[in-house]
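Worksheet: one structure, shown below.
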Amino acid sequence: MKILVCISNVPDTTSKINFTEGDTKFDTNGVQFVINPNDEFGLTRAMWFKEKQGAAVHVATVGGAQTEPTIRKALAIGADEAIRINAEPTDGFFVARQLAEIVKNGKYDLVIAGRESIDYNGGMVPGILATLLDMNFVNTCIGLEVDGNNATASREIDGGKEKISTTLPLVIGGQKGLVQESDLRIPNMRGIMMARKKALNVVEPVDAPKPTQDQKFEKPAAKGPVKLVDADNVGELVNLLHNEAKVI
Amino acid sequence: MSVLVYTESDKGKFKKNAFEVASYAHNVAQELGESVTAVTINAEDDASLGNYGASKVLKVSNDQLNTFNAKAYANILAQAAQAEGAKVIIVSSSADAKFLAPILTATLSGGYVPNVVAAPESTVPFVVKRTAFSNKGFAHTEISSEVKIIGVSNNAYGVHENGGTASVDEFNPTLGDADFATKSVEVDKVAGKATIADADIVVSGGRGLKGPENWGMIEELAEVLGAATACSKPVSDLGWRPHGEHVGQTGKPVASNLYIAVGISGAIQHLAGVSASKTKVVINNDPEAPFFKAADYGIVGDAFEVVPKLIEKLKEFKAQNA
Ligand SMILES: Cc1cc2nc3c(=O)[nH]c(=O)nc-3n(C[C@H](O)[C@H](O)[C@H](O)COP(=O)(O)OP(=O)(O)OC[C@H]3O[C@@H](n4cnc5c(N)ncnc54)[C@H](O)[C@@H]3O)c2cc1C
Ligand SMILES: Nc1ncnc2c1ncn2[C@@H]1O[C@H](COP(=O)(O)O)[C@@H](O)[C@H]1O
Chain L
94 MKILVCISNV PDTTSKINFT EGDTKFDTNG VQFVINPNDE FGLTRAMWFK EKQGAAVHVA
154 TVGGAQTEPT IRKALAIGAD EAIRINAEPT DGFFVARQLA EIVKNGKYDL VIAGRESIDY
214 NGGMVPGILA TLLDMNFVNT CIGLEVDGNN ATASREIDGG KEKISTTLPL VIGGQKGLVQ
274 ESDLRIPNMR GIMMARKKAL NVVEPVDAPK PTQDQKFEKP AAKGPVKLVD ADNVGELVNL
334 LHNEAKVI
Chain Z
-12 MSVLVYTESD KGKFKKNAFE VASYAHNVAQ ELGESVTAVT INAEDDASLG NYGASKVLKV
48 SNDQLNTFNA KAYANILAQA AQAEGAKVII VSSSADAKFL APILTATLSG GYVPNVVAAP
108 ESTVPFVVKR TAFSNKGFAH TEISSEVKII GVSNNAYGVH ENGGTASVDE FNPTLGDADF
168 ATKSVEVDKV AGKATIADAD IVVSGGRGLK GPENWGMIEE LAEVLGAATA CSKPVSDLGW
228 RPHGEHVGQT GKPVASNLYI AVGISGAIQH LAGVSASKTK VVINNDPEAP FFKAADYGIV
288 GDAFEVVPKL IEKLKEFKAQ NA
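Here the protein sequences line up with chains L and Z, keeping their order.
Just so you know, we're using the numbering used here here: the first sequence kicks off at 94 and counts up by one.
Just so you know, we're using the numbering used here here: the second sequence kicks off at -12 and counts up by one.
Right under this line is the structure:
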């Protein structure tokens, strides 16, 4: 089995978000970039397929040269090869189109992507990619088993979960649950050394439309101070929620 | 031409977000001088959508579609869009809508913007405001493709009644085996319980509750309020609560009217996922807990004393307002 894990390079979850150039760009100053958490779960599941079922695991990202440390980290965790499509990922359709090219040419059986990138929260790349290539697709995937050409996946749904049976070739939008939190790996020295020798192939993007453009960003309005209610006067909270906030 | 809206139902009954997306579609249609066509799948009482702005309903009835199937549903919407000449399609932000919208986007070569929080700022160019960076920011995003797909955030636009009426037409899309290549074999869902996605109120517990045995009062508080229960990430990692209850940046997003956080510190990743909620209440015994900076109302106190009192006061309130 040949697996492609799609990795988006995102600000660390603790990052402060600021905008620059007249609020038209995300300010990367002082921001630490990491493997998108949803993709980290997927990559870890891919490692399981590699170790238990002999799968080959490649990773791909659409991004500039500044994303290479993140890709190297994926290699240090254990991916065999990496591909970087040299373009700024400003639109989900465009990104999916680039990855589709890689998947088609590389004849991957399974594409593991994340439910969403935690930066732009598009939640669209895996679904578009699957549809462009006419591959099966399972979103919000929290469990995946592959047996020959058959796949069984669990999916989180509103209020519960669902078991899905399907076949390869398959794309998933994965998330926490795909592996246990404790299974996530921090690259060790040996992994980091080995990653330096692994191939990181840079390819140029294909022409593709960009149907959406972020024109401007803004930060949420500053919050007013919290209204504290005395612990001995809990009835006042009920009163405020009813008469002031009007939510009960 | 019409604005198309997918109005979701569960076992025949419209979800609340169906009325919200229909209301949103009505706004867009008025802006464009068009009318709203709603697509329903195995729903009852289709004509009720008229009150929220739909003037026509394309009603699909098919037992094969009783369980949600993203590909088949997306295909139905694509065929409906073609039949209606619709260039703008409105969907919700439910897990199902977020599953089908990208498929629909690729099928129609459109542009999709999810998490939209307000009516379009302009229609030429077509610009919508959406959340980004897990609620730490907003983006004003232009959709320049001919077909535009908008995912409306829960509880962001609201439900607006307008007293209109809708005609109901049977719609028979062509579906094939390929649409059912991913099959749902088992659905595991607690019946009759409010879900985090749909509930107006969410009651959430954190590590401050010390252990799973203490969740009785959280469930009781939720029950009094008709709320869904949720938890912080460590609580689900520790196995105190099911993973499906984990909310935050890496869990489920919450956009309820009221979010009550009990024994949750308010870490940045937690806040990122819940801050879209309109009113936030925090109960924590540490006055320095970061959540107090993000909350509207707070009680500094021991959850084991405050929550039972709150339940009692809410019961009194309910009895008076019944
Ligand atoms: C990549 C990444 C992603 C993450 N994603 C998420 C996410 O999606 N969601 C999420 O929740 N977290 C997430 N986290 C974890 C997050 O950083 C925090 O660790 C977590 O939110 C803390 O959970 P908590 O508030 O329940 O626990 P704690 O931080 O331990 O807080 C417990 C609180 O309870 C209070 N308390 C104790 N006793 C009482 C009492 N008797 N009465 C009242 N209050 C009491 C304490 O004062 C404290 O404030 C993520 C972390 C990382 C690194
Ligand atoms: N620039 C990118 N390069 C590679 N994969 C990406 C990129 N952007 C998004 N993805 C993949 O698509 C998933 C969903 O991302 P998004 O649609 O941007 O929210 C991510 O979790 C990644 O697996």
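Even for Gly, the Cβ is constructed at its ideal location relative to N, Cα and C.
- Taking C-alpha positions only, T233/L is separated from A223/L by approximately 14 Å.
- With at least 16 other beta carbons inside 10 angstroms of its own, D251/L counts as buried.
- Residues are counted here when their Cβ sits less than 9 Å from a Cβ of chain Z; for the segment 261 to 293 of chain L these are L263, G266, Q268, K269, G270, Q273, E274, S275, given in chain order.
- In this structure, the beta-carbon distance from L19/Z to T118/Z does not fall below 9 Å.
- Only exposed fits Q273/L, as fewer than 16 other CB atoms lie within 10 angstroms of its CB.
- In this structure C218/Z is not in contact with E207/Z, their Cβ atoms being roughly 15 Å apart against a cut-off of 8 Å.
- Here the distance from the Cβ of R208/L to the nearest heavy atom of ligand 2 is below 8 Å.
- Using a Cβ-Cβ cut-off of 9 Å, G285/Z counts as an interface residue toward chain L, since at least one Cβ of chain L sits closer than that to its own.
- Look at F55/Z: its C-beta is under 9 Å from a C-beta on chain L.
- In terms of Cα proximity to E210/Z, the closest of F55/Z, P295/Z, N142/Z is P295/Z.
- Inclusion of V222/Z in the 8 Å shell around ligand 1 follows from its C-beta lying nearer than that to a non-hydrogen atom of the ligand.
- Contact of T121/L with chain Z is not assigned, every C-beta pair being separated by 9 Å or more.
- For the beta strand (DSSP E) assignment, the uninterrupted runs of no fewer than 3 residues enclosed by the segment 82 to 169 of chain Z are, from N- to C-terminal side, 98 to 103, 113 to 119, 124 to 130, 135 to 139, 154 to 157.
- Interface residue (Cβ-Cβ distance to chain Z less than 9 Å): T113/L is not classified as such.
- Using a Cβ-Cβ cut-off of 9 Å, G97/Z counts as an interface residue toward chain L, since at least one Cβ of chain L sits closer than that to its own.
- Interface criterion met: the Cβ of P101/Z is under 9 Å from a Cβ in chain L.
- With a beta-carbon spacing of about 6 Å, G266/L and A206/L fall inside the 8 Å limit used to define contacts.
- Under the DSSP definition of a beta bridge, D276/L lacks any partner.
- Just measuring C-alpha positions, the residue of G138/Z, Q307/Z, V44/Z sitting nearest I77/Z is G138/Z.
- By the rule that beta-carbons nearer than 9 Å mark a contact, V75/Z does not touch chain L.
- In the three-state DSSP reduction, P104/L falls in the strand class (E or B).
- Among the bridge pairs identified by DSSP, S262/Z is matched with none.
- Of the candidates S101/L, G253/L, G147/L, the residue whose Cα lies closest to the Cα of D185/Z is G253/L.
- Annotation note: the segment 278 to 319 of chain L contains the following uninterrupted beta strand (DSSP E) runs of length 3 or greater, listed N- to C-terminal: 293 to 296, 305 to 311.
- Its chain contains A259 as the residues whose beta carbon lies nearer than 7 Å to that of K123/Z, once the 5 sequence neighbours on both sides are disregarded; these appear in chain order.
- Each residue's CA atom was taken as its position, placing D120/L and E311/L some 12 Å apart.
- For Y246/Z, the pairing in a beta bridge is given by DSSP as V189/Z, K267/Z.
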